[in-house]
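S.K.: Structure provided below as C-alpha cells; questions to follow.
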C-alpha cells in the first residue's frame with residue numbers, strides 16, 4: 001500500500017500548464033502531484049564559444065529550488081555563493097536530455113536556456129523538470145517557427161521522464177517524497193516518445209538491486225512516460 | 001496619460017493570495033499587476049548568535065528573482081556565485097521594514113526567515129515583496145498562536161509599501177516597468193497602517209526633485225498604502 | 001543635550017583637504033569630526049560595455065573601511081572574499097549621487113572611478129564620502145580641463161550629503177556614532193547646491209516617524225548641506 | 001574493430017597496486033590501460049554533524065584530475081576556485097557507491113575519506129576510481145582491524161565499476177578515450193561481487209538506445225566487473 | 001646616480017607617527033619617502049583554535065593597498081573577491097616576522113592582529129609595513145602593560161625591515177618605485193635591533209646575482225635597519 | 001645526528017624520472033627521498049595579455065598537493081574554493097625562478113605552464129618542485145626544437161633548488177619533514193648551474209640567525225645544487 005493510496009503503476013495527478021510565465025518565449029508549470037516546477041525557455045542569439053561559426057545551436061538548462069519549496073527550509077544557493085553538487089548534477093542531466101532530442105544543426109546558431117525552478121517539492125523534481133522543460137522548449141521553437149526564424153520545430157522526438165523505485169519490496173511508479181525517502185532503490189528514466197532510452201540513473205539506497213528488478217522498473221517507466229507524452233501533446237495542442 | 005491607462009493615483013490590480021506555498025508556516029503570492037512575488041515565512045528555532053540567550057527573536061528576509069521573471073533573461077545569482085548589490089539592498093530593506101513593526105521581545109527566542117521570490121517582474125518588486133511578506137509573516141505568527149507557542153501575534157502595526165515617481169512631469173502612484181524605466185524620480189515608501197513612515201528611499205533619476213514634489217509623492221503613497229492595508233486585512237481574514 | 005555638546009543644528013568640525021593622495025587625478029581627505037574618509041578620483045579611458053561607442057562617459061564609486069577604522073576591529077572584506085550588503089549599498093548610493101550632477105554626455109567616452117576609503121569611522125561615513133567624493137571628482141575634471149581634454153568641468157551643480165535623525169526625541173543634524181547607535185530615526189540626504197533632492201534614505205530604527213518629523217529633518221539637512229557646499233567651494237578654490 | 005585492437009568484451013590491462021601512498025591508511029594506484037588513478041583512504045575520528053552520537057560511521061569521496069593528466073591541459077580547479085559540475089557528480093557517485101557496500105553501523109562513529117586523484121586520463125576515470133577506491137577502503141579497514149579498533153572489515157560485498165558503450169554500432173566493454181569521444185551511448189555500471197546493481201548511469205550521446213542494447217551493455221559489465229573483482233582480491237591478498 | 005639623488009647607502013626620509021588611528025590599541029603611520037602605510041594593532045581575546053588552552057598568544061597580520069595608492073589605479077581586492085598571491089605572501093611575511101621577536105608564551109592567551117594598509121605606494125611597502133607594524137605592536141603591548149594585563153612588553157628585540165638592490169650595477173639601500181621597477185636584483189631584509197637575521201628574501205630580476213653581491217646588500221641592510229631602529233625608539237619614547 | 005642518519009652535507013636519495021606523464025610535452029617525477037613531485041610542462045600558444053604582440057614568451061607555474069600526500073590528510077583546495085597563501089607563494093616562486101633562466105625573447109610568443117603536483121610530502125616540496133620543473137621545462141623545449149618550432153633550447157643556465165637549515169644547532173643540507181618541523185632556521189636557495197643566486201628565502205623559526213650562519217647555509221646549498229644539476233643533466237641525457 002502506497003502512502004498516497006495510488007496503484008503501484010499509477011502516476012500522480014499530472015498537470016502541464018503552458019504559458020505560465022508571461023515574458024519567456026516558452027514556459028510550462030509542470031505539476032506532478034504536490035511537486036510544482038516552473039520551466040521557462042529563453043532564446044538567446046549568442047552560442048557558447050565552442051560553437052561559434054559552427055552553424056549549430058545549443059540547448060542548456062539551469063535548475064534551482066526556492067528555499068521554502070521543501071518541507072523544511074533549505075538555504076538559498078545564491079546566498080551561499082555556490083550551487084550544490086546535486087543542483088549541478090540535475091541541471092546537467094536536464095540539458096543533456098533535451099539536447100538528445102534536439103536537432104542542433106537544424107536550429108542554427110542560437111541558444112535556448114531552459115530554467116527549471118522548483119516552487120514546491122514533493123519528490124521527483126528532476127523528472128517533473130525534464131517533462132515540463134520539453135514543453136517549454138517546444139513552445140519556444142514554435143514561436144520561432146511562427147516568427148519565420150525556423151522552418152520547423154527541430155525536435156526529433158518527444159521526451160519525458162519519470163522515477164521508479166522499490167518501495168517496501170514493491171516496484172512502484174513516480175515516487176513522491178514519502179516513498180523516496182525510504183525507498184530501497186530509486187531510478188530515474190528519461191525516455192523518448194518512441195520508447196528510446198535517453199538517460200538512466202539507478203541508485204541502490206539500502207542494498208543492491210537485481211537485474212530483474214531493474215527490468216521491472218524500466219517497464220513501469222515506459223508506461224509512465226507514455227502517459228506523460230500524451231499529456232505533453234495535449235498541452236502543446238498537438239492532438 | 002499613463003501607458004497602462006491608469007489614473008495618476010491608481011494602484012495596479014492587487015491580489016494577495018494567502019497559503020500559496022504548501023509547506024511554509026506562512027505564505028502569500030502577492031500580485032501587483034504583472035509583478036508576482038511568492039513570499040514565504042519559515043519559523044526556525046535558532047536565532048543569530050548576537051541574540052542567543054537574549055530572550056529576543058529576529059525577523060530577516062531574502063530576495064531573489066527567477067532568471068526569466070524579467071522581460072529578457074537575467075543571469076541566475078546562484079550560478080554566478082554571488083548576490084548582486086541590488087539584491088542585497090532589497091533584502092536588507094525588507095528585513096528592516098518587517099522588524100520595525102515586530103515586537104521582537106514578545107516573539108521570544110526564535111527566528112522567522114521571509115523569502116521573497118519574484119516569479120514575474122513588471123516593476124515594483126520590492127514594494128510587492130514587502131506587502132506580501134507582511135501577510136506571510138502574519139500568517140506564520142497566527143500559526144504559532146494557534147499552536148500555543150505565542151499568546152498573541154507580536155506585530156504592532158500593519159505594514160505595506162508602494163512606489164511613486166514623477167513620470168512625464170506628473171506624480172504617479174505604483175510605477176510599472178514601462179513607467180519606472182523612464183521616470184524622472186522614483187521613491188519607495190514603506191508605511192504603517194497608522195500612517196507612520198518606516199522607510200523612505202527617494203532617488204532622482206534624471207534631475208533633482210524639489211521638496212514640494214517629494215511631498216506630493218508621499219501623499220500619493222499614503223493613499224496607496226491605505227488601500228494595500230485594506231487588501232492585507234481581507235487576505236488575513238481580519239475584517 | 002547632544003553627547004558632543006553641539007547645538008541641534010550644528011555640523012561637526014568639517015575639513016576638506018584637497019590633493020591628499022599624490023597619484024590620483026583628484027583627491028580629498030574629508031573629515032566630519034572623527035570620521036575621516038580618503039576620496040580619490042581615477043580617470044580611465046575604458047567605459048563599461050553598455051556605453052561603448054555611445055559618446056557618453058560614466059562615473060562610478062567604490063567604498064571600503066579599513067579594518068580598524070572602527071571602534072572595535074571589523075573583518076577585512078578582501079580576506080572574507082566578499083563585500084557586505086552594506087558596502088554595496090553605500091557604493092551604489094555614492095555612484096548614483098555623483099552621476100545625478102554629472103553631464104555624462106559632456107564628459108565624453110571616459111570613466112571616472114571614485115574610491116572612498118574610511119580611515120576612521122565615527123558615524124556618517126556615507127555622507128562624508130559623498131561630500132569628499134564630489135571634491136575629488138571636481139578636481140579630476142579640472143585636471144582634464146587643464147590638460148585640454150575637456151572644455152569645461154561637466155558638473156551641473158554642487159553636491160553634498162548629511163545625515164539627520166531623531167535623538168532623544170529631538171531632531172539633530174549630522175549624527176556621530178554615539179547618537180547614531182541610539183537614534184530613533186536616521187535619514188541621509190544628498191542635496192545639490194541649489195537645494196534639489198538627489199537621494200533621500202530615511203529609516204525608522206525603533207518606531208515609525210511622522211510626516212512632520214521627516215519635514216523637520218529635511219530642513220536641517222538643507223541647512224547642513226548649504227554649509228558643506230560652502231566648504232567645498234573653498235577647498236576647490238572657487239570662491 | 002576497436003582502436004586499441006581489443007576484443008569487444010575485453011578489459012584494458014588492469015593493475016591494482018596497493019600501498020602506493022606511504023602515509024595513507026589505505027591506498028591503491030588503479031591502472032586501466034593508460035588511465036591511472038591514485039586512490040587513498042584516510043581515517044578520521046570526526047563524523048559529519050548529522051551523524052554525531054549516532055554510533056554510525058560515514059564514507060565519503062573526493063575526486064580530482066591533475067591539470068595535465070589529460071591529452072591537453074585542463075585548468076586547475078583549485079585555481080579557478082570551484083569544482084566543476086562533472087567533478088562533483090563523480091565524487092558523489094564514488095561516495096554513494098562505497099557506502100552501498102559498507103556496514104556503516106558496524107564501523108562505529110568514524111569517517112573514512114577516499115581521495116581519487118587522476119594522474120593520467122584515457123577514459124573511464126570514474127570506473128577506475130571506484131575500483132581502486134574499494135581496494136584503498138578495504139586496506140584502511142584491514143589496518144583498523146589489525147590495530148584492534150574494529151573486529152572485522154565492515155564491507156558486505158566486493159564492489160567494482162566499468163563502462164560499456166555502443167561504439168560504431170557494436171557494444172563494447174571498458175571504453176578508452178578514443179572510443180568514448182565518439183560513442184553513440186555510454187553507460188557506467190557499479191556492481192557488487194555477487195552481481196547486484198549499485199549504480200547504473202546510461203547516457204545516449206547521439207541518439208536514444210533501446211532496451212535490448214541496454215541489456216547487452218549490462219551483460220558486458222557483469223563480465224568485466226567479475227574480472228575486476230578477481231583483480232581486487234589478488235591485490236588485497238584475499239585469494 | 002639614483003633618480004632621487006640619494007647616496008647609495010641613504011634611506012628615504014623616514015617618519016614614524018605613533019597614534020595616528022584613534023581607536024586602535026596601537027597604531028603608526030610609517031612613511032618611507034612617498035610610501036605611506038597605516039599600521040594598527042588590535043587586541044582580541046580569542047586565539048586561533050590550535051592555541052586554545054595552550055596559555056600562549058598569537059600575532060598575525062593583514063595587508064592591503066588602497067586602490068589608488070598606486071601610480072595607476074589597482075582593482076580593489078574586496079571587489080574582486082580575493083586577495084592576490086602577492087598580498088598573501090606579504091601578510092604572511094609580516095606576521096612571521098613579528099612573531100619572531102614576540103615571546104608568545106609571555107603574552108598569554110590573547111591575539112593581536114596587525115593591519116598594514118598602504119595609503120600611498122612608491123616602492124618598499126612591505127618593509128615600511130614591517131617597520132611600522134613593530135611600532136604599532138609595541139604600543140598595543142604598552143597599553144596592555146599600563147592596563148595591568150601584562151607585566152612587561154613581551155618583545156625580545158627590536159625589528160625593522162628594508163630593501164636593497166642592484167640598480168644600474170650599483171648596490172643601493174631602500175629602493176623607491178623608480179629603482180625597483182628596473183633593478184637587476186631586489187632583496188628584502190628583516191633584521192633585529194641586535195643585528196640578527198629574521199627573514200631574507202632575495203630575487204634576481206634580470207640575471208642571477210653572486211654571493212659577494214648578496215653580501216654587500218646584507219651590509220647595506222644592516223646599516224639601514226640600525227637607523228630605522230633608532231627612529232622606532234624615538235617614536236616609542238624609549239630613548 | 002640527523003633523524004635519517006645522513007651526514008650534515010648529504011642530500012636525500014635523488015631520482016629525476018623524465019617522461020613520467022604520457023601526454024605532457026615535458027614531464028619529470030622528482031623524488032627527494034620520500035618527497036615525490038610530479039612536474040609537467042604544457043605548451044600553449046596563447047600568452048598573457050600583457051605580452052600580446054610583444055614577440056616574447058612566458059613561463060608560469062602552478063603548485064598543488066594531493067590531499068593525502070601529507071602525514072595526515074589536508075583539505076583539498078579545489079573543494080575549499082581557494083588556494084592557500086602558502087600555495088600561491090610557492091607557485092609564484094617556481095614561476096619566477098624558471099623565468100630567471102629562460103630567454104623569453106628567444107622562445108617567441110608562446111607560453112609554457114609548469115604544474116608541480118606533490119604526490120607525497122616529506123619536507124622540501126618546493127625545492128623538489130623547482131628541480132623537477134626545470135627538467136620538465138627543458139624536455140618541453142627539446143620537443144619544440146625537434147619539431148622545428150625553436151632553433152635551440154632557450155635556457156641560459158641550469159637551475160635547481162635545495163633547502164638548508166639549522167637543526168639542533170648544526171647547519172644541515174636538504175631538510176626532511178622531521179628536521180624541518182623542529183629546525184631553528186630554514187632557508188631555500190634557488191641557484192644556477194654556474195653558481196649564481198636566483199632566489200634566497202631565509203626564515204628564522206625560533207630565534208634570529210647570524211650573518212655567519214647564513215653564509216654556512218649558502219655554502220651547503222651550493223654543494224647540494226651542484227649535485228642536483230649533475231642529476232638533471234643525466235636525466236636529460238646531456239652528459
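Chains as they are written, first to last, in full-length UniProt numbering: chain X, 1 to 239; chain V, 1 to 239; chain E, 1 to 239; chain P, 1 to 239; chain U, 1 to 239; chain W, 1 to 239.
Ideal placement from N, C-alpha and C gives every residue a C-beta, glycine not left out.
Residues in its own chain within less than 7 Å of residue 224 (chain P) by CB, not counting five upstream and five downstream?
M.R.: By 1-based counting over the fourth chain, the position of residue 224 (chain P) is 224. These residues qualify, in order along the chain: 11, 162, 173, 174.
S.K.: Using a Cβ cut-off of 7 Å, pull out every chain U residue sitting near residue 77 (chain E), in sequence order please.
M.R.: Translated into positions along the third chain, residue 77 (chain E) becomes position 77. Those within 7 Å of residue 77 (chain E) in chain U are 78.
S.K.: Looking at the unbroken alpha helix (DSSP H) that takes in residue 214 (chain P), where does it start and where does it end?
M.R.: Numbered from 1 along the fourth chain, position 214 holds the residue referred to as residue 214 (chain P). Taken as a continuous stretch (DSSP letters only), the alpha helix (DSSP H) holding residue 214 (chain P) covers 211-235.
S.K.: Quick check: the Cα distance between residue 204 (chain U) and residue 197 (chain W), rounded to an integer number of angstroms?
M.R.: Start at 1 with the first residue of the fifth chain, and residue 204 (chain U) comes out as number 204. Start at 1 with the first residue of the sixth chain, and residue 197 (chain W) comes out as number 197. Roughly 7 Å separates the two Cα atoms.
S.K.: Suppose the cutoff is 8 Å on Cβ atoms and the five residues either side in sequence are ignored; what does the same chain contact list for residue 137 (chain W) look like?
M.R.: As a position in the sixth chain, residue 137 (chain W) is number 137, starting the count at 1. Once the five neighbours on either side are set aside, the close Cβ partners of residue 137 (chain W) are 26, 41, 59, 98, 102, 112, 114, 155.
S.K.: Among the residues of its own chain, which have a CB less than 7 Å from the CB of residue 70 (chain U), if the five just before and after it don't count?
M.R.: Locating residue 70 (chain U) in the fifth chain gives position 70, counting from the first residue. These residues qualify, in order along the chain: 121.
S.K.: May I ask you to report which of helix, strand or coil DSSP gives residue 198 (chain P)?
M.R.: Locating residue 198 (chain P) in the fourth chain gives position 198, where the first residue counts as 1. Strand.
S.K.: The alpha helix (DSSP H) spanning residue 107 (chain X) covers which residue range?
M.R.: As a first step, residue 107 (chain X) is located in the first chain; it is residue number 107 there, counting from the start. 104-107 is the span of the alpha helix (DSSP H), which, as asked, contains residue 107 (chain X).
S.K.: Say whether chain W places a C-beta atom closer than 8 Å to the C-beta of residue 62 (chain U).
M.R.: Within the fifth chain, residue 62 (chain U) is the residue found at index 62, counting from 1. Judged by the 8 Å Cβ criterion, residue 62 (chain U) is not in contact with chain W.
S.K.: Between residue 42 (chain E) and chain U, is there a C-beta pair that is closer than 8 Å?
M.R.: The residue labelled residue 42 (chain E) in the question sits at position 42 within the third chain. Residue-level contact check: residue 42 (chain E) touches chain U, since one or more beta carbons of chain U fall below 8 Å from its beta carbon.
S.K.: Going by DSSP, which residues form a beta bridge with residue 63 (chain V)?
M.R.: The residue labelled residue 63 (chain V) in the question sits at position 63 within the second chain. In the DSSP output, where bridge partners are listed per residue, residue 63 (chain V) has V:116.
S.K.: When you compare the CB of residue 208 (chain P) with every CB in chain X, is at least one pair closer than 8 Å?
M.R.: Residue numbering aside, residue 208 (chain P) sits at position 208 when the fourth chain is read from its first letter. Between residue 208 (chain P) and chain X, the shortest Cβ-Cβ separation is below 8 Å.
S.K.: Within a Cβ cutoff of 6 Å, which residues of the same chain sit near residue 117 (chain W), ignoring the five residues on either side of it in sequence?
M.R.: Locating residue 117 (chain W) in the sixth chain gives position 117, where the first residue counts as 1. For residue 117 (chain W), where only same-chain residues beyond five positions count, the Cβ hits under 6 Å are 38, 64.
S.K.: Who are the neighbours of residue 70 (chain E) on chain U, taking C-beta pairs under 8 Å?
M.R.: In the third chain, counting from the first residue as 1, residue 70 (chain E) sits at position 70. Residues of chain U passing the Cβ test: 23.
S.K.: Please report whether the beta-carbon of residue 73 (chain W) lies at a distance below 8 Å from any beta-carbon of chain P.
M.R.: Taking the first residue of the sixth chain as position 1, residue 73 (chain W) is located at position 73. True, the Cβ-Cβ gap to chain P drops below 8 Å.
S.K.: Can you tell me where the beta strand (DSSP E) with residue 43 (chain W) in it begins and where it stops?
M.R.: Numbered from 1 along the sixth chain, position 43 holds the residue referred to as residue 43 (chain W). Taken as a continuous stretch (DSSP letters only), the beta strand (DSSP E) holding residue 43 (chain W) covers 35-44.
S.K.: For residue 54 (chain X), which residues from the same chain have a beta carbon less than 8 Å from its beta carbon, with the 5 sequence-adjacent residues on both sides left out?
M.R.: Start at 1 with the first residue of the first chain, and residue 54 (chain X) comes out as number 54. So the qualifying residues of the chain are 47, 109.
S.K.: Under DSSP, the alpha helix (DSSP H) around residue 132 (chain E) begins and ends at which residues?
M.R.: One-based indexing of the third chain puts residue 132 (chain E) at position 132. From DSSP, the alpha helix (DSSP H) with residue 132 (chain E) extends over 125-146.
S.K.: Name the one or two DSSP bridge partners that residue 165 (chain V) has.
M.R.: As a first step, residue 165 (chain V) must be located in the second chain, where it is residue number 165. Beta-bridge pairing links residue 165 (chain V) to V:172, V:186.
S.K.: According to DSSP, which residues form a beta bridge with residue 26 (chain W)?
M.R.: In the sixth chain, residue 26 (chain W) corresponds to position 26, counting from 1. Residue 26 (chain W) is bridged to W:41.
S.K.: Is residue 236 (chain W) near the ligand GTP, in the sense that its beta carbon is under 7 Å from a heavy atom of that ligand?
M.R.: The ligand content of the structure shown is nil, which means the ligand GTP is not present either.
S.K.: Smallest Cα separation from residue 93 (chain V): which of V:128, V:220, V:107?
M.R.: Working through the second chain from its first residue, we reach residue 93 (chain V) at position 93. It is V:128.
S.K.: On a Cα-Cα basis, can you pick out the residue from X:189, X:190, X:147, X:182 that is closest to residue 207 (chain X)?
M.R.: Taking the first chain and counting its residues from 1, the one referred to as residue 207 (chain X) is at position 207. Of X:189, X:190, X:147, X:182, the residue nearest in Cα terms is X:182.
S.K.: Flag this pair as yes or no: are the beta carbons of residue 107 (chain X) and residue 57 (chain X) separated by less than 8 Å?
M.R.: Position 107 of the first chain, counted from the start, is the residue given in the question as residue 107 (chain X). Position 57 of the first chain, counted from the start, is the residue given in the question as residue 57 (chain X). For residue 107 (chain X) and residue 57 (chain X), yes; Cβs fall inside 8 Å.
S.K.: Are the beta-carbon atoms belonging to residue 228 (chain P) and residue 14 (chain P) less than 8 Å from one another?
M.R.: The residue given as residue 228 (chain P) occupies position 228 in the fourth chain. The residue given as residue 14 (chain P) occupies position 14 in the fourth chain. Yes. Within cutoff.
S.K.: Enumerate in chain order the residues of its own chain whose CB-to-CB distance from residue 199 (chain V) is below 6 Å, with the five nearest sequence positions on each side excluded.
M.R.: As a first step, residue 199 (chain V) must be located in the second chain, where it is residue number 199. Only 97, 190 meet the Cβ criterion.
S.K.: If we ignore side chains and look at the alpha-carbon of each, how far apart do residue 240 (chain V) and residue 79 (chain X) end up?
M.R.: Outside the displayed span of chain V (1 to 239) sits residue 240 (chain V), for which this structure offers no information.
S.K.: Cβ of residue 85 (chain X) less than 8 Å from any chain P Cβ?
M.R.: As a first step, residue 85 (chain X) must be located in the first chain, where it is residue number 85. Yes, because at least one Cβ of chain P sits closer than 8 Å to the Cβ of residue 85 (chain X).
S.K.: Between residue 201 (chain W) and chain U, is there a C-beta pair that is closer than 8 Å?
M.R.: The residue you call residue 201 (chain W) lines up with position 201 of the sixth chain. Residue 201 (chain W) counts as touching chain U.
S.K.: In the DSSP assignment, find the unbroken alpha helix (DSSP H) run with residue 97 (chain V) in it and report its ends.
M.R.: As a working note, residue 97 (chain V) is residue 97 in the second chain. Looking at the DSSP string, the run of the alpha helix (DSSP H) that includes residue 97 (chain V) is 85-100.
S.K.: Quick check on residue 206 (chain P): does DSSP put it in helix, strand or coil?
M.R.: The residue labelled residue 206 (chain P) in the question sits at position 206 within the fourth chain. Coil, per DSSP.
S.K.: When DSSP labels each residue in this structure, what does residue 239 (chain U) get in the three-state scheme?
M.R.: Locating residue 239 (chain U) in the fifth chain gives position 239, where the first residue counts as 1. Residue state, collapsed to three classes: coil.
S.K.: If distances are taken between C-alpha atoms only, which option among X:238, X:22, X:100 comes closest to residue 66 (chain V)?
M.R.: Here residue 66 (chain V) is taken as the residue at index 66 of the second chain, counted from 1. Checked all of X:238, X:22, X:100; the closest Cα to residue 66 (chain V) is X:22.
S.K.: Residue 117 (chain E) versus chain U: which residues are under 7 Å apart at the beta carbon?
M.R.: If you number the third chain from 1, residue 117 (chain E) lands on position 117. The contacting residues are 66.
S.K.: Whole-angstrom Cβ separation of residue 235 (chain E) and residue 18 (chain E), contact assumed at under 8 Å?
M.R.: The residue given as residue 235 (chain E) occupies position 235 in the third chain. The residue given as residue 18 (chain E) occupies position 18 in the third chain. Correct: roughly 5 Å between the Cβ atoms.
S.K.: If you drop the 5 nearest sequence neighbours on each side, which residues of the same chain put their C-beta closer than 7 Å to that of residue 220 (chain P)?
M.R.: The count along the fourth chain starts at 1 and reaches residue 220 (chain P) at position 220. 9, 164, 171, 173, listed in sequence order.
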